[in-house]
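Residue numbers (this note's numbering): 680 to 1586. Backbone N, C-alpha and C fix where the C-beta goes; we use that ideal spot for every residue, glycine too. These numbers were taken from a predicted model, which means no experiment stands behind them.
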């Protein structure tokens, strides 16, 4: 988009172009065309220049004309030049020469005065001293006055003590009115109170000291660039004294998923309903009410919400009172909160029902829209168990009297740890027994556990006192291990996705304090592990005996990647082939993850990574098989996108040979332990994706039965996604799935259908999905990032997805689909959401992207050579593409992975 300011001089340029003395072209031979950030004057005569030469020539002429046009002595004085009969320009008059000399002298004088002013540089925002940073330029408020603060971070002269917030949201007009009274204390003497505010129409500001108890109207200055306002106090604020600041305002309820935002949805009776919720992390509390919106400015909060009586209002604290007012309005007041940061403040207004249970004096409640209240039982049971567990584990009593978990119909984040009021997407909190799989249940349990862990630490965490080596530097460490006799030589460095010298920063000061855990042969992994602290660049661990192998990062509990010396990798590979169950399933998965990550960097030969997974024929646990399939699928996707289908097929053949027995033992049911069910899901997904073992025939039979019942026939939930993906490969199946997506209520089932729809090989359908989600009509906008990632994962859609992002970049960054992050962060958030699906983005003010992950870390040529060596042993019994057996729905025998030694079950 080209700003209007770039065209301010255009009328004068046109005038100049019409004067034959100043430009050789006739007026009807001149075409004005914007290109990029400049204007081009293009001649249309018979002696045309090359396009590039013409552009440069025209730009130069236009620049010259613009400069002449701005000169007051020449602006309207064509008479200053004598024109010959043939139209050529003669020597200027003496008067013109004098005027020009005078102007030049004045200009030089002004420049010298500015240059010679002591230590001062003028900018459009004011005078800037040379010894100061650009951040200290005195900014201007919206009314033209000087704004008294120039930094992005707030001053610490004032500290908030308590907020009294009154809100009246109108969910029909999507607007709200509010007032906030902030009790503050002056830490240092000052005349100004600087705080955050954005998007507010402030109508009145009053100020009162604790001594006078008299409200005084005060001046307010706004500086939108930093989303700050300044309250100019009527008197000096004295250190140690308390004051009260009251602000009355109105604003729009946000149409994005950020701040205090509103949504509409249709219930099962096809009625349109309205809902409003908050998402303040990281910097959006300032859009809901004026506040000190930085984590260190903690205070208590008293919140009052005026609502229509059909709605329920929730906030961080228990409801203190509800008063029925006139016109059917109800005012809810919530108890004063504990001391907390603004990004943890939350409130919700909507039609809700709940299920509750008391836990040691704390009322745990799960809220959902009325038609989905039957899907909250699993969440309630999980939350109750986890709250009890965390209180015992951390030895910290949960400080609030209530804990609400709310499923929001339209929520961009997965979940948010607002204190006392956790917010979730419906799919991350609700569990439908008929359509949710064991993977869905695991996801719900994991996310609840994550958010409740925040509740146990919200009160105790001081951001200024965290283990700084993990929070004040980027990335995570790569630990290199070499075994020499009874010693382990350890060293650490920063892990990079690309080890090229030109990409790595030159700063070698990265250092972590790493608690290193390890196990060795001769020690049962479940009974013994050793721990040592590495707080230097390198160190030595003394072993008590000679060992054949050592595995560092026991159970994958540490946040680092481990690289072993060649002989130590070989020893681990031999142990896995001899008896993999000496190591836990998490350790086996960890080894697979680490060696493929390191192979991608060229630190380990890719052939060695494939040697390590050769033991998989004896693997019956979910975690190692899932990790192996994930890592090899990354390579397969890259080969497919590079067009090397022969090598990609050989890769699939080798992996299939390793897992063939496990695949043949799977059934199309929901039977077995959670671990068995999750393994079944990933193995059948792999088999059907690559047309192995008649998988597609079995899946299509189930899909046809489901379609024949108009979607009422129950499918096994653990294989439902696989069945839908196979069905979506046909025109009829894709269309039927879309119709069911529009009408279904279960978010779990809708997500499975959406993944299948986005896995189509028809690029027209894929484009329609992305466009529909961007518009937010048929498919909610919150699903757009998921759709783009899914489309981009597969060969037919990866370029389509990338083109779609580029073409819609401005809308994606600026509008609701991706949340309205603080200026400068929007593009970064966009790129994070497209991780693995699209090339990495180096995002600033415009879209720039580098090659994708695998292309960055391992060149295509290197990859091809390495893979040729890794898969050169062509396995027998290659998979059949179409299958020649009679389609079967079940297999004769089952396997119980949890019965195998060293295999952890799934909760």
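In the three-state DSSP reduction, residue 844 falls in the strand class (E or B). Excluding five sequence positions before and after residue 1000, the CB atoms of its chain that fall closer than 6 Å to its own CB belong to 1012, given in chain order. Around the beta carbon of residue 1329, 16 or more other beta carbons sit within 10 angstroms, so the residue counts as buried.
Counting only the Cα atoms, residue 836 lies some 21 Å from residue 896.
Counting only runs of 4 or more residues that sit fully inside the region 1217-1266, the alpha helix (DSSP H) segments are 1245-1257, in chain order. Excluding the 5 residues flanking it on each side, residue 998 has same chain C-beta neighbours closer than 7 Å at 1011 and 1013, in chain order. In this structure residue 1445 is not in contact with residue 1452, their Cβ atoms being roughly 11 Å apart against a cut-off of 8 Å. Between the region 843-863 and the region 916-936 there are three or more inter-stretch CB-CB distances shorter than 8 Å, so the stretches are counted as touching. When DSSP states are grouped into helix, strand and coil, residue 1300 belongs to the coil group. Within the same chain, Cβ atoms closer than 6 Å to the Cβ of residue 1365 are found at 1308, the five residues on either side in sequence being excluded. With respect to residue 1407, residue 1435 sits close: the two C-beta atoms are nearer than 8 Å. If the five residues before and after residue 1310 are omitted, its C-beta is found closer than 6 Å to the C-beta atoms of 1275, all from its own chain and listed in chain order. Along the region 1381-1447, the alpha helix (DSSP H) occurs as fully enclosed runs of 4 or more residues at 1399-1406, 1410-1422 and 1426-1436, listed in sequence order.
The continuous beta strand (DSSP E) containing residue 979 extends over residues 979-987.
Sequence-distant Cβ neighbours of residue 1120 in its own chain, meaning closer than 8 Å and more than five residues away, are 1057, 1110 and 1353.
The DSSP-derived three-state label of residue 1129 is helix.
In the three-state scheme derived from DSSP, where H, G and I count as helix and E and B as strand, residue 870 is classed as strand. Taking 8 Å as the cut-off, the Cβ atoms of residue 1382 and residue 1412 count as close. Cβ contact annotation for residue 1251 (same chain, cutoff 6 Å, sequence separation greater than five): 1228, in chain order.
Taking 4 residues as the minimum length, the region 1004-1062 contains no alpha helix (DSSP H) run wholly inside it. When Cβ pairs closer than 8 Å are counted between the two stretches, the region 1074-1081 is seen to touch the region 1025-1041, the count reaching three or more. When C-alpha distances from residue 949 are compared across 1006, 1245, 1050 and 960, the shortest belongs to 1050.
In the three-state reduction of the DSSP assignment, residue 1159 falls in the strand class. With respect to residue 1066, residue 1131 sits close: the two C-beta atoms are nearer than 8 Å. Nearest to residue 876 by alpha-carbon distance, out of 866, 938, 870 and 853, is 938. Inter-residue distance for residue 833 and residue 1483 is about 39 Å (C-alpha atoms, whole angstroms). In the three-state scheme derived from DSSP, where H, G and I count as helix and E and B as strand, residue 1462 is classed as helix. Listed in chain order, the non-local C-beta contacts of residue 917 below 8 Å within the same chain comprise 865 and 868, local neighbours out to five positions each way being set aside. About 5 Å separates the Cβ atoms of residue 1348 and residue 1395, confirming a contact at the 8 Å cut-off. The beta carbons of residue 1063 and residue 993 sit about 19 Å from each other, so the pair does not count as a contact at 8 Å. Rounded to the nearest whole angstrom, the C-alpha separation of residue 1490 and residue 1470 is 19 Å. Within the same chain, 1197 come within 6 Å of residue 1209 by CB-CB distance, once the 5 residues on both sides are set aside.
The alpha-carbon of residue 1089 is positioned some 8 Å away from that of residue 1105.
In the displayed model, residue 1167 falls within a strand according to three-state DSSP. Residues 826, 900, 901, 902 and 909 of the same chain have their beta carbon placed closer than 8 Å to that of residue 820, with the five preceding and five following residues left out of the count.
As the crow flies, the alpha-carbon of residue 1224 is around 15 Å from that of residue 1161.
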